[in-house]
Amino acid sequence: MVDPGTVVNVIKQARDRRTAPLILELDLTEGVVEHAPADPISAIMSMRRTSLRDVLDGLRRARSDTRVRALVVKVTGGVGLALAQELREAVQAFREAGKLTVAWAETFGESGRGTVPFYLATGFEKVYLQPTGEVGLTGVALEEPFFAGTLEKLGVQPRFAKRHEYKTMANTFVERAYTPEHEESSRRLVASIGEQITAGVAAARNLPEERVRELTDRGPLLADEALEEGLVDRLGYRDEVYADLREEFGESAQLRYVARYGRSHGLARRIPQPGKQDVVALINGHGPIRLGRSGRGGPLPNSGPAMGSDTVGAAFRAAAKDDRVKAIVFRVNSPGGSAVASDAIWREVTLARRAGKPVIVSMGDVAASGGYYVAMGADAIVAQPGTITGSIGVVVGKAVVSDLLGRVGVGLGSVAVGEHARIFSATKDFSDSEWERINASLDRIYDDFTRKVAEGRDLSRERVHELARGRVWTGADARDHGLVDELGGLDLALELARKRAGMPADAPVRSYPHTSPLERLRPPESSEDRTAASARLDGWGSLGGLAARLGLPSAGPLTLPGSWEIR
């Protein structure tokens, strides 16, 4: 016979669990994924990882949930600057709702390189640091190698042409040091990012900006130095962080990962509702842009994602046809790539707008060159102050390795029909007539690019050329120059989309294409369903196979130069 007292006890415990205070957690050790990968295997493997949408949705819902009392986040170095700014905005809104926010870290960049992680942490009300940790607030630097001398010794002749002087990708291979334009552009980028970080830290920690610059010049700072200077609030280990939270909110307080909280409270939006329900379509475009389907950007297991024109185009067509979709948000995080693929995606953006669907672009850490091309036709562009964007220009070329092959004893025979059959062969230089074709292509692409920027951004062709010429901007500078409309993140883009379409502020969001990882394994029924074209690795000319085997990126003519990781 069941003891009635035991039953009452169980019921009471269940009720207590349902009413106990909630402390939300977020661990940034593995970073945050912005979207489900396109290829099914990677998508299945990423299902356990924290997604940006779940974090933003969870924090938004938690603002009005009286059970949720605090947010505690382990901050590490796996977050880019623009994403850090997006998370900072969400944390700030959570704080303004009267909730406690706590950031903790074993170290903010062991032996330096902790500028962005610490900048993110300063968006929280309390900052904890392990006693043996450091605050690697050391400033912003951009290092760019130049291989002209090395290639000359190897017998490799780089042959590139570009439009125009700020399109610096080729400089890596053809120069021995900065050109004046390259240095000017890079200096402004570093200065703009430094200004943003200094201002953010100063405001958050209630310090003068000059003092923050002085501390940055002293960094990295030891834990006790950081505490003394007011950069952190307490030195403590993980257990002490959680002990303080338990002391404030009681031993009965429950811990829950914010992404899990967001998903569990978002079940209603995923359960089909009776009748017609208007939605905002969210389309993700991440990684280098290429023809064909989205997927991995290279052959290696750790290769990042690639944005395929077929996949993104099909998503736009599906959203444009769906009567329930009233607006589209296009999340772009890409350094560019294929000019033809970029133009194909631009066309789908234009057609969606013609179908009466407002299109709002939300830029991530990078949306430059081809990444800007696919965005420029939208109704509005939203970027973070630290987003790397612009680079409106074009570059094309190849590395001629015939001397290198000769030095190592490799003979090469060739036969061809057609004067330009070997135009992109890595074993011969461009002929005069081939250079004529290369320059004609560059002129056409640049002219088309700048014309579409002028039309999309309502700027004169002369003004666009001043801002273009291949120059890279931060989101803050791009907004000042009219290349983007608003500074903010995905939440702001969704808000603008809902307003443009006359939708309620809580209108649901649906990802397109809307398929599960397992459904992606099925063959497509038609080109409208899902295009099965294969992507090409053509940026390395006849060395494409070798590039693929080495895991090198396929560099298209609309490609952002360099590696833009600010840490």
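Numbering (our numbering), first residue to last: 4 to 570.
In this text, a Cβ means the ideal position worked out from N, Cα and C, and glycines have one as well.
Rounded to the nearest angstrom, what separates Arg410 and Gly158 at their Cα positions?
8 Å
Rounded to whole angstroms, what's the CA-CA distance from Asp382 to Arg356? Just pull it up for me.
8 Å
When burial is assigned at 16 or more other CB atoms within 10 Å of the CB, is Asp435 buried or exposed?
exposed
Proximity of Asp480 and Arg191 at Cβ, strictly below 9 Å:
yes
Buried or exposed, going by whether 16 or more other CB atoms sit within 10 Å of the CB of Thr562?
buried
What three-state label does DSSP hand Phe333 in the structure shown?
strand
Exposure label - His185; buried when at least 16 CB within 10 Å:
buried
Please confirm if the segment 122-135 is in contact with the segment 396-410, defined as three or more CB-CB distances below 8 Å between the two stretches.
no
For the alpha helix (DSSP H) containing Ile395, name the first residue and the last one.
No alpha helix (DSSP H) holds Ile395; DSSP gives it neither H nor E.
As a quick exercise: from Pro223, Arg460, Leu31 and Ala100, pick the residue whose alpha carbon is nearest that of Trp107.
Leu31
Cβ of Asp236 within 9 Å of any chain B Cβ
Within the model displayed, chain B is absent; a lone protein chain is all it includes.
Close beta carbons around Val244, own chain, < 6 Å, minus the five adjacent residues each side
Trp107 and Tyr131
Taking the alpha-carbon of Leu258 as reference, which of Ala73, Asp494 and Arg474 has the nearest alpha-carbon?
Ala73
Under three-state DSSP, which class holds Gly373?
helix
Sequence-distant residues of its chain with Cβ nearer than 8 Å to Ala271 (five each side left out):
Its pLDDT being 45, under 50, Ala271 is placed unreliably in this model, and the value from its coordinates should be taken loosely. The answer is none, since no qualifying residue turns up.
Relative to the C-alpha of Thr390, which candidate in Glu489, Arg221 and Asp509 has its C-alpha closest?
Glu489
CA nearest to the CA of Ala180, picked from Val204, Lys156 and Phe150:
Phe150
Taking Cβ positions, are Ala500 and Ile331 nearer each other than 9 Å?
yes
Inter-residue CB distance, Gly239 and Arg208 (contact presumed, cutoff 8 Å):
Going by Cβ atoms, the distance from Gly239 to Arg208 rounds to 18 Å, so no, they are not a contact pair.
Closest to Val315 by C-alpha separation, out of Asp346, Ala371 and Thr201, would be which residue?
Asp346
Buried or exposed, going by whether 16 or more other CB atoms sit within 10 Å of the CB of Lys502?
exposed
Check Ser514 in the structure and name its three-state DSSP category.
strand
Quick one, are the C-beta atoms of Arg162 and Gly400 less than 9 Å apart?
yes
Element boundaries [beta strand (DSSP E), containing Gln257]:
Gln257 to Tyr260
Using only alpha-carbon positions, find the residue among Gly290, Ala284, Arg440 and Glu109 that is nearest to Ala226.
Glu109
Burial state of Gly548, where buried means 16 or more other Cβ atoms lie within 10 Å:
Interpretation of Gly548 is limited by its pLDDT of 40, a score under 50 that renders its predicted location unreliable; the figure taken from the coordinates is listed afterwards. Exposed: under 16 other Cβ atoms inside 10 Å.
Looking only at C-alpha atoms, which of Glu28, Glu439, Ser417 and Gly421 sits nearest to Ala429?
Ser417
Between the Cα of Asp509 and those of Gly492, Glu498 and His484, spot the shortest distance and give me the residue it belongs to.
Glu498
With H, G and I counted as helix, E and B as strand and the rest as coil, what does DSSP make of Tyr264?
helix
Neighbour-count burial assignment, Gly505, 16 or more Cβ in a 10 Å radius
exposed
Using the DSSP secondary-structure output, state which residues sit across from Asn287 in a beta bridge.
Arg334
If we count the other Cβ atoms within 10 Å of its Cβ and call it buried at 16 or more, is Thr69 buried or exposed?
exposed
Is the beta carbon of Ile286 closer than 9 Å to that of Ala322?
yes
How close, in whole Å, do the beta carbons of Ala378 and Gly478 come, if the pair is a contact with beta carbons under 8 Å?
That pair is no contact at about 12 Å.
Output the distance between the C-alpha atoms of Asn442 and Ala124, rounded to the nearest integer angstrom.
48 Å
Per DSSP, what kind of secondary structure is Val420 in: helix, strand or coil?
coil
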